[in-house]
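Residue numbers (this note's numbering): 1188 to 1262.
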């Protein structure tokens, strides 16, 4: 199941919010990680990469100006 489909099925978020989180994961965060995050199959590997992203100054600045959308997308 794809990330967007998973979020939509959970029913906890509005569809527009789900699309924004998916866009953050597939777009900006994948570019920052220099690899497509959607292709990571291991939860452990994903968490290691996510932690590395959280340490970047660029991530912190972007996350701050977007009301913490990027850190939420990684959770």
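All C-beta atoms in this analysis are idealised placements derived from N, C-alpha and C, irrespective of residue type, glycine included.
DSSP on residue i, reduced to helix/strand/coil?
i	result
residue 1235	helix
residue 1229	coil
residue 1241	helix
residue 1201	coil
residue 1222	coil
residue 1248	helix
Whole-angstrom Cβ separation of residue i and residue j, contact assumed at under 8 angstroms?
i	j	result
residue 1212	residue 1224	6 angstroms
residue 1220	residue 1236	5 angstroms
residue 1240	residue 1216	6 angstroms
Locate the alpha helix (DSSP H) running through residue i, then write down its first and last residues.
i	result
residue 1215	Run containing residue 1215: none; DSSP gives neither H nor E here.
residue 1259	1256-1261
How would you label residue i, buried or exposed, when you count the other beta carbons within 10 angstroms and need 16 or more for buried?
i	result
residue 1257	buried
residue 1193	exposed
residue 1254	exposed
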